[in-house]
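Some notes on the structure that comes next.
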Amino acid sequence: QSNQPERTIRQRRASSNAAIARHDTSGIGAILAEDVVVVTSNSVHGVGRATNLTRFADQFRTHADVVYERTPEQVRVYAPWGMASELGRWTGSWTDTDGKIQIGGIYFAKWRLKNGSWLVESETYVPERCSGGAYCRTMP
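Each residue of the sequence shown is one higher than the one before, starting from 77 at the first, in the numbering used here.
Written out as structure tokens, the structure reads:
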């Protein structure tokens with residue numbers, strides 16, 4: 077079926093969201109290419125699956141209630157090259173020392189079919205709003 081890759085990517089994104097909610101770094105890593113590049117909302121660049129999973133583990137350790145959710149609005153597949161784009165909205169929240177942080181915006185992800193599995197090659201997060209504490213008043 078022509079839209080099976082899109083459904084697969086949307087399912088993999090949902091499983092990643094669920095893994096973040098569980099604070100399950102293995103589940104998060106399941107969709108990341110080994111050489112993934114992530115640009116966070118505060119423009120920190122994380123290169124590699126291991127680096128990005130360590131960053132998640134650190135957040136889970138320091139902010140017990142941290143959660144992020146990505147909601148795809150558009151997934152487009154270019155089957156001849158085994159690549160796809162995902163554009164959507166993201167939200168994040170956690171309790172900081174001075175209150176509850178609520179942040180969100182848009183994101184873009186590039187997926188690639190590798191050895192029969194769709195993996196994220198890159199993700200870029202752009203904030204559009206932030207409220208709840210000093211974290212939001214200055215770029216960390």
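Note that CB positions come from ideal geometry on N, CA and C, so glycine has one too.
### Task
Using 10 angstroms around the beta-carbon of Ser117, count the other beta-carbons present and answer buried if the total reaches 16, otherwise exposed.
buried
#### Entry: Top-ranked residue by Cα proximity to Thr173, from Tyr211, Trp166, Ser92 and Phe132
Tyr211
### Query
For the stretch 178-195 against the stretch 99-117, are there 3 or more C-beta pairs whose distance is under 8 Å?
yes
### Query
Candidates Arg205, Gly209, Gly208 and Glu199: which alpha carbon is nearest Gly124's?
Glu199
### Query
Cβ atoms of Pro148 and Arg86: under 8 Å apart, would you say?
yes
### Message
Strictly by DSSP, which residues pair up with Trp187?
### Response
Ala160 and Val196
### Task
Give me whichever residues DSSP pairs with Gln150 in a beta bridge.
Leu163
### Task
Write down the C-beta distance between Gly181 and Trp166 rounded to the nearest angstrom, noting that I regard them as a contact closer than 8 Å.
6 Å
### Task
Could you work out which residue in Ser119, Asp141 and Val113 is closest to Leu129 when comparing CA atoms only?
Val113
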